[in-house]
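Peer 1:
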Amino acid sequence: MGNSGLTHMLTHDRFEDIAAMYNVISRVEEGPNLMSHYVSMYLREQGRKIVQESGTPSSQQYIQDLLQLRDRANDPLVRALNNQTIFRNQINSDFEYFITLNTRSPELLSLFIEKKLKRGTKGMADQDVNAVFGKRIVLFRYLRKKAVFEHLAKRLLLGKSQSDDQEKSMISMLMAECGVVYTSKLEGRFKDLAVSKTLMDEFNAMLTSTNGNHGLDLYVRVLTTGLWPTQSADCCVALPEEAANAFEVYRNFYLGKHNGRKISLQTNMGYAELAAQFFGGLSSSDGVQVGPATTGAGASTALMDPINPSFLQVQVPDL
């Protein structure tokens, strides 16, 4: 079939011609298998091109190109091939093959979905929201190790979603697409964040009633051991005094509600927001705001003027 014109038909979306070819070749005993082989060769070549063109990949362009190829293969092409299972199975195998050629596919897919959640879908109907995420999430089935969930965990820690409802909807679709084995931790992580928000509301109410003030904004996320990807801290981090005192107040509050539990600070999993005012070479009105990791924030504040530190805000990391 190499000279049959099938590649030309596939390249130019000549689905009616492909359907006519299938009607003829399906009458031959091994015809569908042979046609499936050549369709697979075409799809794998297109997939390899997408991967090769992503040398310095943009998550948006890379995933969009994959989705465009899948839309062509999964709907009009399969219909032209009479919805035969042999073609559906082969197409799934082809996508799994070339998506795993790019070792960054899990991360790029996570970033792609993250940007959608970050922008939000305000004003869209539920069915439109499901369509937006459903088409993207279907690519998860082709990731063999499902490493993307660890990247999603980091996004959850940063709280970048514009809507909790959309986040829950995304998790539900992931569970349907990939199974509970891969998504049970993700669901538990989302629960941790919800419980942490409730605790912070109670903590802030307590501070208000007692006129407590740390001199900074504190947000603590209490994480269940074993649910989150963790890394051992390379060194003992000495937090700025304000942050250390604020955490100690929270520790006493938490242990007062949950006697017998242990709670420890994971500085390598958090981040801080710092605002600094510069003088001298810059005008006094020039300022910079950055969001380093907690360890970097500790080092940055140590370099500031000890009498007039421009340390305006810290978000203490997850526990």
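Under the UniProt record's numbering, think of the first position of the sequence shown as 1, with each following residue one higher.
For every residue, glycine included, the Cβ atom is placed at its ideal position computed from N, Cα and C.
Since the model is a prediction, treat every value here as computed from it, not as a measurement.
(1) In the structure shown, what three-state DSSP assignment does L218 receive?
(2) Can you tell me which of Q52, K185 and V222 puts its alpha carbon nearest to the alpha carbon of T198?
(3) Using beta-carbon positions only, say whether I50 and L69 come within less than 8 angstroms of one another.
(4) What are the boundary residues of the alpha helix (DSSP H) that includes I86?
(5) Going by beta carbon distance, what residues of the same chain come within less than 7 angstroms of S283, once the five residues before and after it are set aside?
(6) Using CA coordinates, which residue listed in A80, L43 and G31 is at the minimum distance from E96?
(7) Nearest-angstrom Cα distance between G134 and A243?
(8) Would you list the residues sitting across from Y22 in a DSSP beta bridge?
(9) If we count the other Cβ atoms within 10 Å of its Cβ and call it buried at 16 or more, is V24 buried or exposed?
(10) Measure the Cβ-Cβ separation of residue 320 and M21 and say whether it is below 8 angstroms.
(11) I believe I63 touches L109 by the beta-carbon criterion, under 8 angstroms. Please report the beta-carbon distance rounded to the nearest angstrom.
(12) Starting from the Cα of G215, find the closest Cα among E187, T224, V249 and V195 and give me that residue.
(13) Counting along the chain, where does the alpha helix (DSSP H) carrying K49 start and finish?
(14) Using three-state DSSP, classify L69 as helix, strand or coil.
(15) Would you grab the beta carbon distance between L10 and V39 for me? Rounded to a whole angstrom, and I think it's under 8 angstroms.
(16) Under 8 angstroms, do S36 and Q90 count as touching if we go by C-beta distance?
(17) Tell me the residue span of the alpha helix (DSSP H) that contains V138.
(18) Looking at F203 and F253, is the spacing between their C-beta atoms short of 8 angstroms?
(19) Sorted by chain position, which residues of the same chain lie with C-beta nearer than 6 angstroms to A80's C-beta, five sequence neighbours on each side aside?
(20) What would DSSP say about A243, mapped onto helix, strand or coil?
(21) Is K193 helix, strand or coil by DSSP?
(22) Which one of G179, L265, T267 and G188 has the shortest CA to CA distance from V138?
(23) Assign K115 to one of three DSSP states: helix, strand, or coil.
(24) Tell me where the alpha helix (DSSP H) around T11 begins and ends.
(25) Let me make sure I understand the geometry here. Which of E241, T225, N82 and N268 has the alpha-carbon closest to that of R261?
(26) Taking only three categories from DSSP, how would you classify R14?
(27) So, for D94: in the same chain, excluding its five sequence neighbours on each side, which residues have a beta-carbon less than 6 angstroms away from its beta-carbon?
(28) List the whole-angstrom C-beta distance separating R48 from F98, where the pair is believed to meet the contact cut-off of C-beta under 8 angstroms.
(29) With distance defined between alpha-carbon atoms, name the residue in T100, R136, L101 and T103 nearest to K116.
(30) Got a sec? Which residues, its chain only, sit under 6 angstroms from K185 by beta carbon, not counting five neighbours each side?
(31) Do you know how far the Cα of Q266 is from the Cα of L239?
Peer 2: On the basis of the supplied data:
(1) Residue numbering aside, residue 218 sits at position 218 when the sequence shown is read from its first letter. If DSSP states are grouped into helix, strand and coil, L218 belongs with coil.
(2) Against the sequence shown, residue 198 aligns to sequence position 198. Nearest C-alpha to T198: V222.
(3) Position 50 of the sequence shown, counted from the first residue, corresponds to residue 50. Position 69 of the sequence shown, counted from the first residue, corresponds to residue 69. Against a cut-off of 8 angstroms, the Cβ pair of L69 and I50 comes out as a contact.
(4) Here residue 86 corresponds to residue number 86 of the sequence shown, with the count starting at 1. Here the alpha helix (DSSP H) through I86 covers T85 to I99.
(5) As a working mapping, residue 283 is identified with position 283 in the sequence shown. Because the pLDDT of S283 is 49, which lies under 50, any placement of that residue in the model is unreliable, and the question is left without a value.
(6) Position 96 of the sequence shown, counting from 1, holds the residue named residue 96. Nearest C-alpha to E96: L43.
(7) Locating residue 134 in the sequence shown gives position 134, where the first residue counts as 1. Locating residue 243 in the sequence shown gives position 243, where the first residue counts as 1. Rounded to whole angstroms, the separation of the alpha carbons of A243 and G134 is 41 angstroms.
(8) Against the sequence shown, residue 22 aligns to sequence position 22. According to the DSSP secondary-structure assignment, Y22 is paired through a beta bridge with no residue.
(9) If you number the sequence shown from 1, residue 24 lands on position 24. It counts as exposed.
(10) Outside the shown range of the chain, which is 1 to 319, sits residue 320, and nothing can be said about it.
(11) Residue 63 sits at position 63 when you count from the first residue of the sequence shown. Residue 109 sits at position 109 when you count from the first residue of the sequence shown. Yes, they are in contact, since the Cβ atoms of I63 and L109 sit about 6 angstroms apart, within 8 angstroms.
(12) Numbered from 1 along the sequence shown, position 215 holds the residue referred to as residue 215. Out of E187, T224, V249 and V195, V249 has the C-alpha closest to the C-alpha of G215.
(13) Counting from 1 along the sequence shown, the entry for residue 49 is found at position 49. Element bounds for K49: G31 to Q52.
(14) Indexing the sequence shown from 1 puts residue 69 at position 69. Of the three classes helix, strand and coil, the one that applies to L69 here is helix, per DSSP.
(15) Indexing the sequence shown from 1 puts residue 10 at position 10. Indexing the sequence shown from 1 puts residue 39 at position 39. Right, the Cβ-Cβ distance comes to about 7 angstroms (below 8 angstroms), so this counts as a contact.
(16) The residue given as residue 36 occupies position 36 in the sequence shown. The residue given as residue 90 occupies position 90 in the sequence shown. A contact, by the Cβ cut-off of 8 angstroms.
(17) Taking the first residue of the sequence shown as position 1, residue 138 is located at position 138. Neither: V138 is in no alpha helix (DSSP H) and is coded neither H nor E.
(18) Residue 253 sits at position 253 when you count from the first residue of the sequence shown. Residue 203 sits at position 203 when you count from the first residue of the sequence shown. The answer is yes: Cβ separation under 8 angstroms.
(19) Counted from its first residue, the sequence shown places residue 80 at position 80. Same-chain partners within the cutoff: F15, I18 and A19.
(20) Sequence index remark: in the sequence shown, residue 243 carries index 243 (1-based). If DSSP states are grouped into helix, strand and coil, A243 belongs with the helices.
(21) The residue given as residue 193 occupies position 193 in the sequence shown. It should be noted that the sequence gives Leu, not Lys, for residue 193. For L193, the secondary structure class from DSSP, reduced to helix, strand or coil, is helix.
(22) In the sequence shown, residue 138 corresponds to position 138, counting from 1. Of G179, L265, T267 and G188, the residue nearest in Cα terms is G179.
(23) Within the sequence shown, numbered from 1, the residue matching residue 115 stands at position 115. Of the three classes helix, strand and coil, the one that applies to K115 here is helix, per DSSP.
(24) Position 11 of the sequence shown, counted from the start, is the residue given in the question as residue 11. Residues L6 to T11.
(25) The residue given as residue 261 occupies position 261 in the sequence shown. Nearest C-alpha to R261: T225.
(26) As a working mapping, residue 14 is identified with position 14 in the sequence shown. The three-state secondary structure of R14, taken from DSSP, is coil.
(27) Indexing the sequence shown from 1 puts residue 94 at position 94. Closer than 6 angstroms at the Cβ level, and outside the excluded window around D94, lie S40, L43 and R44.
(28) Position 48 of the sequence shown, counting from 1, holds the residue named residue 48. Position 98 of the sequence shown, counting from 1, holds the residue named residue 98. Confirmed, Cβ separation roughly 6 angstroms.
(29) For the purposes of this step, residue 116 is identified with residue 116 of the sequence shown, where counting begins at 1. Comparing C-alpha distances from K116 to each of T100, R136, L101 and T103 shows the shortest one belongs to R136.
(30) One-based indexing of the sequence shown puts residue 185 at position 185. So the list reads L227, once near-sequence residues are dropped.
(31) In the sequence shown, counting from the first residue as 1, residue 239 sits at position 239. In the sequence shown, counting from the first residue as 1, residue 266 sits at position 266. Answer to the nearest angstrom: the Cα atoms are 12 angstroms apart.
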